[in-house]
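Every position in the sequence shown, counted from 1, becomes a number in this note's numbering once 156 is added. Don't be surprised by glycine CBs; every beta carbon is placed ideally from N, CA and C. The structure displayed is predicted, hence computed values, not measured ones. To start, the structure under review is shown below, and the notes come after it.
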Amino acid sequence: MKKPQDAYHHGDLRSSLVEEAVRVIEREGLDAFSLREVARRVGVSPNAAYRHFEDKDALLSAVAAHGLGMLSRRMREAIEAVSVRGAGPRAIANLRATGRAYVAFALAKPELFRVTFGRQASPPGPDQTCTNGEPDPYRVLEGCLDALVEASVISPERRAGAELFAWTTVHGYASLALGGGPLASLEPLEPVLDLVIDGVLGPSATSARKPAAKR
């Protein structure tokens, strides 16, 4: 095991504790998690860890912020990978891509996903802090919806409140998918994303969203 003083010479101890906590949770589940165990694996004394986190809950909150940052990055990468041309079709495709990335993240990292959203009672908002300088995922979704307005796909009036509808629908699917069964894949998600897009766009959605479904 590393000597306690060694960890201080290899970067930010706080970040090291968070990253190790994420690894423990992902590989072994929340039952294996404790502040003392994370400190031991990093190679520092419990007292050194307590200088950064007053208790287990404080470290879990930092893990949740880390999870939000990872999710945000996945959503932004999905947007960057969209190749659909035309402002309107691309804006629709971006919205679909973020929903797909959201569920893919939940399926790939179920324990981290549960911790991330188990630390808060509502979707993240403007004041939510993410790690690694990422905007919170809710901001990414808001940007996709704003792009629909900018491309004249929807009106500002229809845009109002759309993020809550889109977020809760996709989050609900992701949460159910973690229970296993037929929802535990991305394939059944596509009709759900159709419903989200139809709900956001309104009566014209059926024809408007078709080009965006191509990959």
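*asked:* Please classify F321 as buried or exposed, where buried requires at least 16 other C-beta atoms within 10 Å of its C-beta.
replied: Along the sequence shown, one-based indexing puts residue 321 at 165. Under this definition F321 is an exposed residue.
*What are the boundary residues of the alpha helix (DSSP H) that P293 is part of?*
In the sequence shown, residue 293 corresponds to position 137, counting from 1. Counting along the chain, the alpha helix (DSSP H) containing P293 begins and ends at 293–306.
*Which same chain residues, not among the five before or five after A277, have their C-beta less than 6 Å away from its C-beta?*
As a working mapping, residue 277 is identified with position 121 in the sequence shown. Confidence in A277 is poor, its pLDDT being 41 and thus under 50, which makes the residue's placement too unreliable to answer from.
*asked:* Can you look up V259 in the DSSP assignment and give me helix, strand or coil?
replied: Here residue 259 refers to the residue found at position 103 when the sequence shown is read from its first residue. Helix at V259.
*In terms of residue numbering, what span does the alpha helix (DSSP H) encompassing R183 cover?*
Counted from its first residue, the sequence shown places residue 183 at position 27. 169–184 is the span of the alpha helix (DSSP H), which, as asked, contains R183.
_Can you tell me whether R230 is helix, strand or coil according to DSSP?_
Working through the sequence shown from its first residue, we reach residue 230 at position 74. Helix at R230.
*Pairwise C-alpha distance: A253 and R260*: Here the question's residue 260 lines up with position 104 in the sequence shown. Here the question's residue 253 lines up with position 97 in the sequence shown. Note on identity: in this sequence residue 260 is Ala, with Arg being the wrong assignment. Their Cα atoms are separated by approximately 10 Å.
_Tell me the rounded alpha-carbon separation between A340 and G223._
On the sequence shown, position 184 is the one that residue 340 refers to. On the sequence shown, position 67 is the one that residue 223 refers to. Cα to Cα, the separation comes out at about 20 Å.
*Separation of L297 from P347, as counted between CA atoms*: For this step, residue 347 is matched to residue 191 along the sequence shown. For this step, residue 297 is matched to residue 141 along the sequence shown. Between P347 and L297, the C-alpha separation is close to 19 Å.
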